[in-house]
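**Q**
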Amino acid sequence: MLTQPANSNETADKSADAQRCVIIGAGPAGLTAAHELLEQGHRAIVLEADHQVGGISRTVEYKGFRFDIGGHRFFSKVEMVRDWWDRMMPDDFLVRPRLSRILYDDKFFDYPLKPLNALRSLGLLESIRIGISFVTIKLFPYREEDSFEQWVSNRFGRRLYEIFFKTYTEKVWGMPCSEISADWAAQRIKDLDLLTAVRTAFLGNRGSDGKVVTSLIEEFNYPRLGPGMMWERVTEVIEQRGCPVEFGNRVERVNHSDGRVRSVTARTDEGSREVFGSNFISTMPICDLFEALDPPPPEDALQAARDLRYRDFLTVGLILACSDPFPDNWIYIHSDRVRVGRIQNFKAWSPEMVPDPSKSCIGLEYFVQENDDLWSMADDDLIALGAQESASLGLIRTEDVIDGVVIRMPKAYPVYDRDYQKRLDVIRAYLEGLPNLQLVGRNGQHRYNNQDHSMVTAIYAARNIAGADYDVWGVNVEEEYHEETSASQSNGASGERLVPQRLEESRAARVLRDAFARYDAIALGFALAIPTAFGLFAATAILLIKGGPAVGANLTLLSNYIVGFQVSWAGAFIVLVEAGVLGFGFGWAMAKLINAVVGWQERALIRRLERHLVFEALDKKVS
Amino acid sequence: MIGHAVARLRASVMAVVFGLTSGTGLFVATTWLVIRGGEQVGLTLGLLRNYLPGYSVTWPGAFLGFFYAAVVGGVVGWVIAFIYNKIVARRSND
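As C-alpha cells, then:
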C-alpha cells in the first residue's frame with residue numbers, strides 16, 4: 001500500500017491535489033474531458049485501469065499489426081467534434097473509400113443493399129420467391145407490428161427478412177427478432193421499404209413523396225494507424241500540459257461524505273492509493289461505480305445499477321500471409337452455420353495497419369456474453385475457430401493464417417432492456433445528491449453512443465466544472481446514425497446509436513387492447529357472404545331437384561331483391577353471386593358499425609380515466 | 001398509443017347462439033300461427049317442409065321445426081365463426 005507521508009510539503013501537495021478533477025477512465029470521453037478541462041484552465045488527472053488508452057476505440061498492436069475493436073469510422077455531424085479531431089491530428093487522417101458487403105449463402109451483397117445487385121446475386125428462383133413473399137405479406141400483413149420481425153416482414157416480405165435481417169440481428173443482440181421491439185426497426189430503417197428501395201435503384205435517391213434520401217456514407221476519415229492513434233495523441237497533448245494519465249489504476253472505492261465525493265481509492269500493482277479531487281468525472285460502467293461508492297448508496301439505487309445489462313464483444317485477430325484477402329472494409333456474415341458476426345479487413349481501413357505489405361490482418365467479431373462458451377474459450381481455440389470459420393466462408397485459406405490474437409472487450413454494448421430507463425432514473429436521482437460527480441461516455445451513462453457523442457458529453461461535463469450548466473444526460477438523444485435515411489428528418493447534430501429494446505406493453509394497455517378488440521370487417525364480410533350465398537344456392541337447387549308443377553313460386557319472390565333471380569339453374573348461380581355480395585356487404589357494414597361503437601366506448605373510457613387522473617393529481621397538489 | 005386487438009368469434013358460442021335463436025324463432029313463428037288459427041293455417045310457412053322433412057304448421061311441427069332450425073342455425077353459426085377466424089388468422093399471419 002502506498003502511504004501518505006505527513007510532512008508539510010505533502011500536506012500542501014494534498015491540498016493542491018484536492019483542487020483538481022479526477023477522471024476515471026482514459027477512453028474518448030475521459031481524455032476529451034481532461035483536454036477540455038485544461039482548455040478551461042483547470043487541473044486534472046486521469047486514472048485508467050488498463051495499460052492502454054482509447055477504451056473501446058483503442059487500437060491493439062500485435063507484432064506490428066494493428067487491430068481496431070469494431071471498426072471506428074471518424075464521421076460526425078457535430079462541427080465542434082470534427083474541428084476537434086482535425087486540430088488534434090491535422091496530417092494523419094486518411095480519407096478512405098468504403099466497401100461493406102453482406103455474405104449470405106456464399107454470395108456477396110452490397111451493403112447498404114442495392115436491389116439490382118441483390119436480385120442478381122439471389123438468382124431468378126429466389127427473386128421469384130421473394131416477390132411472392134412480398135405480395136403475400138402485402139395481402140396478409142401482420143396486423144400488429146409489435147416486434148422487429150413483424151415490422152421488417154411487413155415492409156420487405158418474410159423471405160427478405162429472413163435473408164438480410166434475422167440472422168445478423170440475432171447474433172448481435174443475442175435475442176430472437178420476435179422479442180425485439182419494432183420501435184428499433186422503425187427508427188433504424190425509417191421510410192425505407194422494398195418498393196422504395198427498388199424505386200431508388202431505378203430513379204435515384206428520391207422517395208415517392210419527393211423527399212431526398214441522403215446519400216450513403218461512401219467514404220470516411222480514419223487515422224492512418226487506427227483510432228487508437230487519436231487517443232494516444234490526445235494523451236501526449238494533455239500530459240505535456242500537466243495532466244497525468246496513470247495506467248493500471250483500477251478505481252475500487254469512491255469515497256464521499258456530506259453530499260460530495262472526496263476521493264477515489266485505486267488499486268495498482270503496488271497496492272492501493274487514494275486520489276483526492278474537487279470534481280470527479282466517471283466513465284466507468286455504472287454498475288462498477290455504484291459498487292465502489294463508499295458509503296454504499298441505498299439498496300434501490302445499488303440494485304438498479306447491478307441490474308443494468310451489457311453485451312460483450314471479442315475480436316479474433318488473424319495475421320494472414322496474403323496481401324489482400326478481400327477488398328471490403330468489413331463484411332457482415334448472415335449465416336447461421338458460423339458464429340462470427342462481422343469480419344474486418346484492417347488493411348482496407350488503412351494500409352498502415354500492417355507492417356508488411358505482403359501480409360494482411362483481419363478481425364473476426366463475435367458478439368457474446370461475458371463467461372459464455374466463446375468468451376471462456378482458450379485463445380488458441382478461438383484463433384483456430386476464427387480461421388476455420390473464415391475459411392469455411394471462402395474468405396481466406398487456413399494455410400494463410402500465420403498468427404493470431406484474441407481481444408476481449410467486456411461491456412462493449414449497453415443493453416436497453418425493458419427496465420433500463422427506470423433503473424437509470426433511480427441512478428440519476430441518487431447522483432443528484434453528489435453534484436461534484438458527473439457521468440459521461442458510453443458506459444458512464446449506459447448509452448449506446450458513438451465516440452463523438454461520448455466526446456460531447458465529456459466536453460459539457462468539463463464546462464460544467466468551469467461554471468456552465470449543461471445537462472450531460474440530455475445530449476441529443478435523437479440523432480440518426482443509420483445507413484440510409486431521409487434528409488428532412490436529420491436533426492443535424494451528434495447522437496447516440498439506437499439499440500433494440502425488448503417488447504414492452506403495459507398491463508393496462510393490454511387489458512384495454514383486448515377489452516376493446518375490433519372486428520375484422522373483411523373477415524366478417526366473407527363469413528356472412530359464404531353461408532348466405534351457398535344457403536340460397538342450396539335452397540334453389542333443392543327445389544329444382546324435387547321438381548313439381550310450379551317450382552319455387554314463393555322463393556322466386558326473392559327476385560324483388562336479387563336482380564334476375566328465378567328458380568332455375570341459371571338463377572341458382574345468379575343468387576350465388578348476388579347473395580354473396582349482399583352477405584359480404586352486410587357483414588362488412590356490421591363490423592364497421594360495431595367497431596365504431598366500440599371505439600366510441602373506448603375513447604369515452606379513456607377520457608374518463610384521464611379526468612380521474614387529473615383530479616387525482618390536483619387533489620395531491622392541493623393536499 | 002394503444003393498438004387494437006382483432007376480435008375472434010368463439011365457434012361453439014356462435015353455434016349455440018345461432019341454434020337457439022333460429023330454433024326459438026321458428027318455434028314462435030309456428031306456434032303463433034297455430035294459436036291464431038283460421039281456415040288455412042300457415043300456408044306459406046308450411047313451404048319450409050321442402051327443406052325440413054316432416055315439418056308442418058302444427059304443434060308437433062313447431063317442436064320438430066325447433067329441432068331442425070336449431071341444428072341448421074347451429075351449423076350456420078359455427079360456419080360463420082370458423083370462416084371469420086380462418087380469414088382473420090390468415091390476414092394476421094398467425
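Protein sequences appear in the order of chains A and B.
For what it's worth, the working numbering labels the leading residue of the first sequence as 1, then goes sequentially.
For what it's worth, the working numbering labels the leading residue of the second sequence as 1, then goes sequentially.
Glycine included, every Cβ here is placed at the ideal spot set by N, Cα and C.
All values derive from a computational prediction rather than experimental measurement.
Shorter than 8 angstroms from the beta carbon of VAL97 of chain B to some beta carbon of chain A?
**A** As shown, chain B starts at 1 and ends at 94. That puts residue 97 of chain B outside it, with no answer to give.
**Q** What are the start and end residues of each continuous alpha helix (DSSP H) run of 4 or more residues lying completely inside the segment 397-446 of chain A, in chain order?
**A** Fully enclosed alpha helix (DSSP H) runs of 4 or longer: 420-431, 442-445.
**Q** May I ask you to report which of helix, strand or coil DSSP gives ASN154 of chain A?
**A** If DSSP states are grouped into helix, strand and coil, ASN154 of chain A belongs with the helices.
**Q** Based on the DSSP secondary-structure assignment, which residues constitute the bridge partners of ASP520 of chain A?
**A** DSSP output for ASP520 of chain A lists no bridge partner at all.
**Q** CB-CB under 6 angstroms to LEU558 of chain A, same chain, minus the five flanking residues each way: which ones, in chain order?
**A** PHE565, listed in sequence order.
**Q** Starting from the Cα of VAL71 of chain B, find the closest Cα among B:VAL17, B:GLY38, B:LEU9 and give me that residue.
**A** Nearest of B:VAL17, B:GLY38, B:LEU9 to VAL71 of chain B, Cα basis: B:VAL17.
**Q** Which residues mark the beginning and the end of the alpha helix (DSSP H) in which ILE69 of chain A is found?
**A** From DSSP, ILE69 of chain A is part of no alpha helix (DSSP H); its letter is neither H nor E.
**Q** Report all residues from its chain with a CB closer than 8 angstroms to the CB of ILE238 of chain A; omit the five preceding and five following residues, and keep chain order.
**A** If we look at ILE238 of chain A and ignore the five residues flanking it on each side, its Cβ neighbours are LEU31, ALA34, HIS35, LEU38, ALA44, VAL46, VAL245.
**Q** Is there a Cβ of chain B sitting closer than 8 angstroms to that of PRO531 of chain A, yes or no?
**A** Closer than 8 angstroms: yes.
**Q** Which parts of the segment 208-283 of chain A are runs of the alpha helix (DSSP H), unbroken and 4 residues or longer, counting only runs that do not cross its ends?
**A** With a minimum length of 4 residues, the continuous alpha helix (DSSP H) runs that stay inside the segment 208-283 of chain A are 227-240.
**Q** Does DSSP put TYR161 of chain A in a helix, in a strand, or in coil?
**A** DSSP places TYR161 of chain A in helix when its eight states are reduced to three.
**Q** In its own chain, which residues sit with a C-beta less than 7 angstroms from the C-beta of GLY492 of chain A, not counting the 5 before and 5 after it?
**A** For GLY492 of chain A, the pLDDT reaches just 28, beneath the cut-off of 50, and the residue's location in the model is therefore unreliable, leaving the point undetermined.
**Q** Can you tell me the Cβ-Cβ gap for LEU94 of chain A and ARG224 of chain A, rounded? I've got them flagged as a contact below 8 angstroms.
**A** Indeed they touch by this definition, with Cβ atoms about 5 angstroms apart.
**Q** Would ALA523 of chain A be called buried (16 or more neighbouring beta carbons within 10 Å of its own) or exposed?
**A** Per the 10 Å Cβ criterion, buried.
**Q** Taking only beta-carbon positions, decide if TYR161 of chain A is within less than 8 angstroms of chain B.
**A** No, TYR161 of chain A does not count as interfacial toward chain B.
**Q** Please decide whether ASP619 of chain A counts as near chain B, where near means a Cβ-Cβ distance under 8 angstroms.
**A** For ASP619 of chain A, the answer is no, since every Cβ of chain B falls outside 8 angstroms of its Cβ.
**Q** Tell me which same chain residues have a C-beta within less than 6 angstroms of the C-beta of TYR84 of chain B, skipping the five on either side of it?
**A** The residues are LEU9.
**Q** What residues are listed by DSSP as bridge partners for LYS107 of chain A?
**A** Paired residue(s): A:TYR104.
**Q** In angstroms with no decimal places, state the Cα-to-Cα distance between CYS322 of chain A and PRO355 of chain A.
**A** Cα-Cα distance, rounded: 13 angstroms.
**Q** How is ARG129 of chain A classed by DSSP in three states: helix, strand or coil?
**A** If DSSP states are grouped into helix, strand and coil, ARG129 of chain A belongs with the helices.
**Q** Where does TYR561 of chain A land, buried or exposed, given buried means 16+ other C-beta within 10 angstroms?
**A** Under this definition TYR561 of chain A is an exposed residue.
**Q** Between the segment 125-137 of chain A and the segment 149-165 of chain A, do at least 3 Cβ pairs fall closer than 8 angstroms?
**A** Output reads yes: the segment 149-165 of chain A touches the segment 125-137 of chain A.
**Q** Determine, using beta carbons only, whether ALA550 of chain A comes closer than 8 angstroms to chain B.
**A** With 8 angstroms as the cut-off, ALA550 of chain A does not count as an interface residue toward chain B.
**Q** My assumption, with CB atoms under 8 angstroms, is that TRP588 of chain A sits in contact with GLY525 of chain A. Please give the rounded CB distance.
**A** That belief holds up - the Cβ atoms of TRP588 of chain A and GLY525 of chain A are roughly 4 angstroms apart, short of 8 angstroms.
**Q** Going straight from the alpha carbon of SER12 of chain B to that of LEU576 of chain A, what length do you get?
**A** Taking the straight line joining both Cα atoms gives about 27 angstroms.
**Q** Is the Cβ of LYS171 of chain A closer than 8 angstroms to any Cβ of chain B?
**A** So no, LYS171 of chain A is outside the interface.
**Q** Please identify, using Cβ separations under 7 angstroms, the residues of the segment 65-83 of chain B that lie next to chain A, in order along the chain.
**A** Residues VAL76, VAL79, ILE80, ILE83.
**Q** Between A:THR398, A:PHE108, A:GLY583, A:PRO176, which lies nearest to GLU149 of chain A when the distance is taken from Cα to Cα?
**A** Considering only alpha carbons, the answer is A:PRO176.
**Q** Cβ atoms of THR315 of chain A and LEU364 of chain A: under 8 angstroms apart, would you say?
**A** It is a contact, given that the beta carbons lie within the stated cut-off.
**Q** Let's see if you can read the secondary structure: which residues bound the beta strand (DSSP E) around GLU61 of chain A?
**A** From DSSP, the beta strand (DSSP E) with GLU61 of chain A extends over 59-62.
**Q** Classify ILE562 of chain A as helix, strand or coil using the three-state DSSP reduction.
**A** Of the three classes helix, strand and coil, the one that applies to ILE562 of chain A here is coil, per DSSP.
**Q** Output yes or no for whether 8 angstroms exceeds the beta carbon distance between PRO295 of chain A and TYR430 of chain A.
**A** No, these two residues do not count as a Cβ contact at 8 angstroms.
**Q** Is TYR310 of chain A near the ligand GTP, with its Cβ less than 7 angstroms from a heavy atom?
**A** What this structure holds is no ligand at all, so the ligand GTP is not there to describe.
**Q** For the pair the segment 584-599 of chain A and the segment 514-521 of chain A, tell me if three or more CB-CB distances fall below 8 angstroms.
**A** In short, these stretches touch, since the Cβ pair count reaches three.
**Q** Give the DSSP-derived three-state secondary structure of PRO357 of chain A in the structure shown.
**A** If DSSP states are grouped into helix, strand and coil, PRO357 of chain A belongs with coil.
**Q** Looking only at C-alpha atoms, which of A:GLU352, A:ILE319, A:ASP50 sits nearest to TYR62 of chain A?
**A** The candidate whose alpha carbon is nearest that of TYR62 of chain A is A:ILE319.
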